[in-house]
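Report on the structure given below.
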Amino acid sequence: MKLFITGSDGFIGSALVSECTRRGIEVVGVDVRSGFDVRSQDIAERIPVETDAVIHLAGLSNDTACKGKGRECFDINVMGTLNLMEAAERKRAQQFIFASTEWVYDRCTAEEVKHEESFINIASHTSEYALSKLVSEANLRQKYQNGFMPTTILRFGIVCGTTGEKKSAVESLFLTVKEKEVVTVGSLKTGRCFIHVSDIASGIIKSIGLDGFQIINLAGDALVTLRDIIEISKEILHKNPNIVEINPASISVRNISNAKAKKMLGWKPEVTVAAWLGKLHAST
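Just so we're aligned, residue 52 is where the sequence shown starts under the working numbering, counting upward by one.
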């Protein structure tokens, strides 16, 4: 098996490349960190002929990077994806796998579990990042309907597992409990279906070889709130800081189903938030 991966030096890309190496899968990777832009007109020259899958992870990957930068966001995330699609088609790739996000789901509440078939009202989105992913999803759907290769859109949940400077809410809150006497949060009921980066990597690999046009959520098994993270952290660290909740009514919840991934891919998350924080503590 041979894969072509964009964003191969990034957080998810690095984990994916490592997992591919462990499994003996050949990888050709490109990344802006090594001087290669997905919008480059010669990107097709980098893609092996008839590669098993083009896995597109590159681009601006969060709302902060895109906020107020609509032109840059769409140039990289939308036009860059279109450029890669054309290159993959020229090199007769067997499958196109696109990294999307749970942020495409609008009007999320704790009571409603979002599935791949959930209605999305694009008019309710104000996030340039979410819009760029939705537009690329639509472009891929339209291209597939006109003869493009098998296409898999993976909507990633909120990913944890960071050890560097850029930390998810999981690691940030854990370190706050570790280092501070007072922990301040908006609402303790705010929650996400966090997923470890290693589970994202295994989900991507499991999706290789899928036929047709598929949209699949890769998210954690359970909704984990800020209160949960704090309590887990307190137990692991044997700390008991003062918790200050400054806006209890401002609850932000994104409850994302991973049932389709389990059924279609035979995949399931292996690393819980508690297990990851325990490992993080043991390594520091």
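For each residue, glycine too, the CB sits at the ideal point set by N, CA and C.
Cutoff 6 angstroms; reference residue i; Cβ partners in own chain excluding five residues on either side
| i | result |
| --- | --- |
| residue 265 | 203 |
| residue 129 | 183, 186 and 187 |
| residue 102 | 53, 55 and 144 |
| residue 77 | 53 |
| residue 125 | 183 |
| residue 89 | 57, 109, 131 and 135 |
| residue 303 | 241 |
| residue 229 | 288 |
| residue 272 | 320 |
| residue 259 | 104 |
Buried versus exposed, by CB contacts within 10 Å (16 or more), residue i
| i | result |
| --- | --- |
| residue 305 | buried |
| residue 250 | buried |
| residue 193 | exposed |
| residue 245 | buried |
| residue 165 | buried |
| residue 152 | buried |
| residue 96 | exposed |
| residue 141 | exposed |
| residue 119 | exposed |
| residue 212 | buried |
Backbone secondary structure at residue i - three-state DSSP
| i | result |
| --- | --- |
| residue 74 | helix |
| residue 243 | strand |
| residue 97 | helix |
| residue 84 | helix |
| residue 53 | strand |
| residue 132 | helix |
| residue 235 | strand |
| residue 199 | coil |
| residue 341 | With the chain represented from 52 up to 335, any question about residue 341 goes unanswered, as that position is not in the structure. |
| residue 206 | strand |
7 angstroms Cβ shell around residue i - same chain, five flanking residues per side excluded
| i | result |
| --- | --- |
| residue 133 | 190 |
Through-space distance from residue j to residue i, alpha-carbon basis
| i | j | result |
| --- | --- | --- |
| residue 241 | residue 253 | 27 angstroms |
| residue 236 | residue 317 | 37 angstroms |
| residue 67 | residue 121 | 29 angstroms |
| residue 243 | residue 79 | 33 angstroms |
| residue 170 | residue 312 | 19 angstroms |
| residue 137 | residue 281 | 46 angstroms |
| residue 155 | residue 286 | 34 angstroms |
| residue 223 | residue 198 | 45 angstroms |
| residue 300 | residue 161 | 13 angstroms |
Contacts around residue i, its chain only, beta-carbon distance under 8 angstroms, and the 5 residues preceding and following it disregarded
| i | result |
| --- | --- |
| residue 295 | 233, 234, 235 and 236 |
| residue 82 | 57, 58, 59, 60, 61, 64 and 109 |
ask   = If you scan the region 137–166 from start to end, which runs of the beta strand (DSSP E) of 3 or more residues do you find wholly inside it?
value = 147–152
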